[in-house]
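Note sheet for the following structure.
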Amino acid sequence: MEQRIYGGHKKELSLGMVGYKFMGMAQFHAYRDAPFFFDLEVKQIRQAICGRNEKGVKEAARKFGWISYETDWNVLIARERTLILI
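In this text, residue positions in the sequence shown follow the numbering used here: the first is 11, and each later residue adds one.
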């Protein structure tokens, strides 16, 4: 029988998300909830969220636990630490 150790070290996966309104939040919830349904081999890091309206995207970043935000998607995809865009 395989023994499972919880709280072990997992590879980190930095996420970047474009959009924070309806579709962006639908995608966010899917990624956020995935560990409840699947045994993921990575730890998700909410690196940056992107939106055109600085006030709105700043509030979304604060509310949903993103480390930072951008208002230009070109800047987001040029980041070294962002590995996956949703």
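Backbone N, C-alpha and C fix where the C-beta goes; we use that ideal spot for every residue, glycine too.
Where do the ends of the alpha helix (DSSP H) carrying Glu-64 lie?
Run containing Glu-64: 64-74, per the alpha helix (DSSP H) assignment.
Using only the alpha-carbon positions, how far apart do Met-27 and Asp-43 sit?
One C-alpha to the other measures close to 15 Å.
If you compare alpha carbons, which of His-39, Lys-21 and Arg-91 is closest to Gly-29?
If we check each option's Cα against that of Gly-29, His-39 comes out closest.
My assumption, with CB atoms under 8 Å, is that Ser-24 sits in contact with Ile-55. Please give the rounded CB distance.
Indeed, because the Cβ distance is near 5 Å, the residues count as touching under 8 Å.
Assuming Gly-61 and Val-67 make a contact with CB atoms under 8 Å, what is their CB distance in whole Å?
With a Cβ gap of about 3 Å, Gly-61 and Val-67 count as contacting.
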